[in-house]
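Below is one structure, written out as structure tokens, with a few remarks after it.
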Amino acid sequence: MRHLYAVLDGISEIFEPGATPPIDIFPFLAWLPESLFNNWKSRAREVAQTMDKVYGPLVDRVLKRRESGSQFRESYLDMVLDQQDKLQLTRHEIDLMVGNLLEGGSDTTSIMTIAFIQAMALYPDVQKEAQKEIDAIIGEERSPEWRDYEKLPYVAMVMKETMRWRPVLPTAFPHATSKGE
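Okay, structure coming up:
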């Protein structure tokens with residue numbers, strides 16, 4: 329995760345207002361020394377190299393698993409690779425596609441986890457009830473699995489309420505229900 333956040337920080341710095349020249353609007357700026365614009369090309373290359381170091385090995389693991397004859401083919405990357413004849417993606421494009429999945433999920437997952445912890449700290453009675461349901465359905469011998477979801481209606485409701493209470497998207501607004509549910 330540390331490496332993923334290094335990529336995200338680098339991307340954020342590159343896209344900060346004023347961090348890169350508006351070459352799309354004024355193409356002649358590409359001919360000026362990059363040092364006039366905070367070495368933006370060098371910084372972009374560094375981020376690209378970090379992305380390759382982070383995302384490439386993840387793709388390599390899936391390729392190695394497939395070469396070993398494993399029958400597991402249910403990941404997103406497996407589905408992309410199964411259609412490679414049709415898609416004709418380069419290795420770099422595949423690496424970036426995997427990276428986009430990680431980037432998109434990293435912030436939202438951590439934000440949602442923090443909101444959930446905050447909710448449980450504010451409402452310990454809700455936490456106790458959710459834990460009671462988890463203990464009754466799953467017990468202490470194993471971790472929850474997706475097949476347990478339908479058997480955990482209270483936990484599902486708590487998660488949905490947390491998402492309503494503290495939306496992950498920065499443009500969404502926390503809101504209340506219009507009538508009792």
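Count the sequence shown with this note's numbering and you get residues 329 to 509, in order.
Backbone N, C-alpha and C define an ideal beta-carbon position, used for all residues, glycine too.
- Asp-352 sits in coil when the DSSP states are folded into three classes, being neither helix nor strand.
- When the five nearest sequence neighbours on each side are left out, the beta carbons in the same chain lying within less than 6 Å of the beta carbon of Pro-349 are those of Leu-357 and Phe-365, in order along the chain.
- Secondary structure note for Ala-358: it is in no alpha helix (DSSP H), with a DSSP letter that is neither H nor E.
- Note on geometry: alpha-carbon atoms of Ile-339 and Ala-464 lie some 45 Å from one another.
- When DSSP states are grouped into helix, strand and coil, Phe-343 belongs to the coil group.
- Here Thr-436 is exposed, its C-beta having fewer than 16 other C-beta atoms within 10 Å.
- With contacts defined by Cβ atoms closer than 8 Å, Val-454 and Val-486 form a contacting pair.
- Beyond the five residues adjoining it in sequence on each side, Met-448 comes within less than 6 Å, by CB distance, of Gln-455 in the same chain, given in chain order.
- The C-alpha of Tyr-477 is placed about 36 Å away from the C-alpha of Arg-419.
- Sequence-distant Cβ neighbours of Lys-369 in its own chain, meaning closer than 8 Å and more than five residues away, are Glu-362.
- With 16 or more other Cβ atoms inside 10 Å of its own Cβ, Leu-405 counts as buried.
- With fewer than 16 neighbouring CB atoms inside 10 Å of its own CB, Val-496 falls in the exposed class.
- Apart from the 5 residues on each side of it in sequence, Trp-474 has no Cβ closer than 7 Å to any other Cβ in its chain.
- Excluding the 5 residues flanking it on each side, Asp-410 has same chain C-beta neighbours closer than 8 Å at Arg-401, in chain order.
- Between Tyr-482 and the set Glu-461, Glu-468, Asp-388 and Arg-492, the nearest pair of CA atoms involves Glu-461.
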